[in-house]
Amino acid sequence: MVAEEAGCSTWARVAKNAGSYNAKPQDTKLFRDGGGDYPKALADHEGLVWQVLNVGWAIEIAVAGENALPCYDRKGYSKILEVAKPVGDPKHRQIYRLTYLRLCSTLPEHDNLMEFTSFVQKRHGVKPSG
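With this note's numbering applied, the sequence shown corresponds to residues 1348 to 1477, in that order.
This is how it looks when you write it as structure tokens:
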């Protein structure tokens, strides 16, 4: 079998272990022998983000993005802005559209809402109020 020849005999079990409707990833045993999640990510996520952005910008297509993790603090929003609208970029490139995911009941709390408002204003090039 091709999977075994490639040194990945576990791939051959994919069809058998794909799980059923509404199965949890750890139940499928696709992610690690014996199930469960890997303790550390196997990819350089930030590096991949920049790679996609640079390729998109190089071929002049509109690049969209989203936040992968919930964030309600200045540090988290600054990281998103660093990627979405790089400061000092001579070509003024930026993410065309940003989808904000992971809204939750704590966003309307005063401090969180103030940080979010400031983030949105900075994203749109408006000097934050307050």
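The beta carbon of each residue, even a glycine, is placed where N, CA and C say it ideally should be.
For Asn1459, the closest alpha carbon among the candidates Gln1441, Gly1403, Val1396, Gly1423 is that of Gly1423. No residue range can be given for Thr1453, since it is assigned to no alpha helix (DSSP H) and is classified by DSSP as neither H nor E. Counting only unbroken stretches of 4 or more residues, the alpha helix (DSSP H) elements lying wholly within the stretch 1419-1451 are 1421-1431, in sequence order. For Ala1405, no beta strand (DSSP E) run applies; the uninterrupted alpha helix (DSSP H) run containing it begins and ends at 1392-1405, by DSSP.
Contact between Arg1444 and Ala1411 is confirmed by a C-beta separation of about 4 Å, below the 8 Å threshold. By the CB criterion at 8 Å, Glu1393 and Leu1448 fall outside the cutoff. The C-beta distance from Leu1428 to Lys1474 rounds to 14 Å, too long to fall under 8 Å, and the pair is not in contact. Separation of Ala1415 and Val1396 (C-alpha to C-alpha, rounded to the nearest whole angstrom) is 11 Å. Within its own chain, the residues whose Cβ lies closer than 8 Å to the Cβ of Glu1462, once the five positions on either side in sequence are excluded, are Tyr1419, Asp1420, Arg1421, Tyr1424, listed in chain order. Ile1442 counts as buried, since at least 16 other C-beta atoms from the protein chains shown sit within 10 angstroms of its C-beta. Cβ neighbours of Ala1431 within its own chain (closer than 7 Å, five residues either side excluded): Gly1412, Gln1441, Ile1442, Leu1445, Arg1470.
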